[in-house]
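So the first sequence is numbered by our numbering: it starts at 9 and just counts up by one.
Only one structure is covered here, and it is reproduced in the block below.
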Amino acid sequence: MTDELNFVQQARRDKLDALVAAGVAPFAYGFVRTHEATDAIASLPEGQEEGGAVSVAGRIVAWRGHGKTAFAHLADGSGRIQLYFRKDGLGDDVFDRLGLYDIGDVIGVSGSLMRTRTGEVTVRVASVEMLAKSLRPLPYGKEEIVDGVTVRHSGFADPEQRYRQRYADLAVHPEVRALFIARSRLITSIRTFLDGRNFLEVETPILQPLYGGAAARPFTTHHNALDMPLYLRIADELYLKRLVVGGFDRVYEIGHDFRNEGIDRTHNPEFTMLEFYQALADYREMMTVVEALIVSAANAVRAVAGVGASVPDLQPPFPRIEWVPSLNAGVGFDVMSASDAELRAAATKAGVEKVNSLSRPKLLDELFQAHVERKIETPTFVIDYPVELSPLAKPKRGNPALTERFELFARGRELANAFSELNDPIDQRQRFEAQARLRDAGDDEMSGVDEDYLRAMEYGMPPMGGVGIGLDRLFMYLTDTQNIRDAILFPTMRPE
RNA sequence: GCGCCCUUAGCUCAAUUGGUUAGAGCAACUGACUCUUAAUCAGUAGGUUCUCGGUUCGAUUCCGAGAGGGCGCACCA
């Protein structure tokens, strides 16, 4: 695609010049609107032919000229309304100038409501103002009737262009707008839910001198004045837990985490994470909180017109299955007492590749994914993970080979990850040092020892339950969206 | 990173086995039309067929390389 003016764009420039020559400012400062489109339509009672004066504003999305009259449709955030222009109502000058208007122009009109012969509520335009001349045609689609069925042809089907030019995608696709309205409702519902349970919303650093709280490769940047490296956070966890030390018993943060990994249909380098921490609660208590939060979020999305139909019917309490017994049932032997060789054989049988290069924890994880995770359809809590898979969780009371951890799965995907959080600074130091050794050995997904965090723990960190929920993933689950790029307004793309 | 597929007018898509001047709808432009709504009718214009190279008398079509994208796999505890 070229940035040179093509003939369509040149025609619009010429109209712009003609408007200016006629004394019409093509880019206005504002407009006083009395009604949104759907409100204006609703204000004319059924059966009534004529109504009062309204002022509406929006984008011209259809234009049908008829010599000395013209019909148009105007779209705003609420919907669309028809406009009716008459030469003998507007005067020759104004009516003739309508030829300089195009589909895509943002205009404001005033006039009285009327009902057309076919019953459509319409504004009989008495005055019209150009608010923003459109110099580039929007790729509106077309509808046609094929064998009695209405087929919508998008005018903008190339996914790449839709992601790159989300503004145009939104402008021509009402269903895309509806989806992102639903996303906003989801976020709002989570805030309302947590605020209602006395959680405090906080903001913690995105630029961090040490990254931690997850295992991922970070984005690295540099602060010039301090002449030091900084990392974009891969998780909020360690800062939120510092705040619990400070006396904020219930905190949460909704924000972006950044992970320098591959891009695919479920991964974007920056994504929206919810983390919340509740002092004195253990992981079992957090399961009931998560259940209620997910149901509340699902209800919020379900209420959005045009999106809600895809939301699964959720019936709490969600099933809880234990990690070890469920995997044992899948493979047919006891994985905890099995030798590495037995695990490798089972992994090979399950279709796992390169089993000889995998560590024991990785083998267990692969087996669990193949035999249990992928088969989970309806929301299900998996609880009590082996300690070697969960270095950040507290040991399980009465069984130190396990941890007090749960993950929530649905449709084979992880929706939430939670622990009874480690609050023993001596244990924490040992785990940090083990991570630091791995990092020094070349694993750049591992961070070093966070001395400041240890200092915070040494002051006394209350026991707490902590939960992380990837909100893009949750939204994708609730709306049955297959690609994360359809759930993020401006997904990460290569430069054009 | 690997495999498969895609890239033609502003947009959505055609183009027979490699063969005349690369077509259609919408959008655009000119004209007609005072209740239309996929408005209608008559006409006009619009192309580096992603880029570079090769094969051929001849390439949108076949081959090679590159760019961008989509899907799947792998990676992402």
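In this text, a Cβ means the ideal position worked out from N, Cα and C, and glycines have one as well.
In this text the structure is predicted, and so the values were computed from the model without any measurement.
Looking at the DSSP output, ASN425 sits in a beta bridge with GLU415, GLY476. With a 10 Å radius around the Cβ and a threshold of 16 neighbouring Cβ atoms, PRO399 comes out exposed. Judged by their CB atoms, VAL114 and ARG41 are not nearer to each other than the 8 Å cut-off.
For ASP290, the closest alpha carbon among the candidates PRO237, ASN431, VAL339, LEU208 is that of ASN431. Taking a C-beta distance under 8 Å as the contact criterion, VAL395 and PRO387 do not qualify as a contact pair. Excluding its 5 nearest sequence neighbours in each direction, ASN364 has C-beta neighbours in its own chain below 8 Å: ARG352, listed in chain order.
Leaving aside the five residues that flank PHE483 on each side, the residues in its chain whose CB is nearer than 8 Å to its CB run, in chain order, ALA190, ARG191, LEU194, VAL309, THR489, ALA495. DSSP, reduced to helix, strand and coil, places ILE189 within a helical segment of the structure shown. If you look at GLY97, you'll find it isn't in any beta strand (DSSP E); it sits in the alpha helix (DSSP H) that goes 95-98. Positions of the beta strand (DSSP E) runs, each at least 3 residues long and wholly inside the segment 242-268, are given as 258-266 in order along the chain. Segment contact: the segment 202-216 against the segment 169-185, fewer than three CB-CB distances shorter than 8 Å; contact not assigned. The segment 104-121 makes contact with the segment 63-79: 3 or more CB pairs, one atom from each, lie closer than 8 Å. Taking a cut-off of 8 Å on C-beta distances, the segment 471-482 touches the segment 416-430, as three or more cross pairs fall below it.
Taking the Cα of ASP96 as reference, the smallest distance to any Cα among THR77, LEU106, GLU466 is reached at THR77. Excluding five sequence positions before and after ARG368, the CB atoms of its chain that fall closer than 8 Å to its own CB belong to ASP348, LEU351, GLU396, given in chain order. Counting of Cβ neighbours within 10 angstroms places PRO226 among the buried residues, the total reaching 16 or more.
Here GLY270 is actually not in contact with MET281; their C-beta atoms are around 18 Å apart, not less than 8 Å. Residue pairing by DSSP places HIS231 opposite MET236 in a beta bridge. Judged by DSSP secondary structure, THR356 falls outside any beta strand (DSSP E) and instead within the alpha helix (DSSP H) spanning 348-357. Boundaries of the beta strand (DSSP E) around THR388: 388-391. Nearest to ILE329 by alpha-carbon distance, out of GLU381, GLY316, ARG258, is GLU381.
Straight through space, the alpha carbons of SER304 and THR46 are spaced by roughly 28 Å.
Per the C-alpha coordinates, the member of ALA243, THR274, ARG405 positioned closest to GLY220 is ALA243. Fewer than three Cβ pairs drawn from the segment 135-143 and the segment 48-61 lie within less than 8 Å of each other, which leaves the two stretches out of contact. In terms of Cβ geometry, ASN276 and THR500 form a close pair [threshold 8 Å].
The straight-line gap separating the alpha-carbon atoms of ALA442 and LEU202 is approximately 35 Å.
Non-local C-beta neighbours of ARG419 in its own chain, meaning closer than 8 Å and more than five positions away in sequence, comprise ILE384, GLU385, TYR485, ordered along the chain. Straight-line measurement puts the Cα of LEU234 at about 21 Å from the Cα of VAL457. If you draw a 10 Å sphere on the C-beta of ARG125, you find fewer than 16 other C-beta atoms in it, and that means exposed. The residues PHE164, ARG170, VAL184, in chain order, have a CB closer than 7 Å to that of ASP177 in the same chain once the five nearest residues on each side in sequence are set aside. Below 8 Å, enough C-beta pairs join the segment 461-468 and the segment 251-268 to call them touching: three or more.
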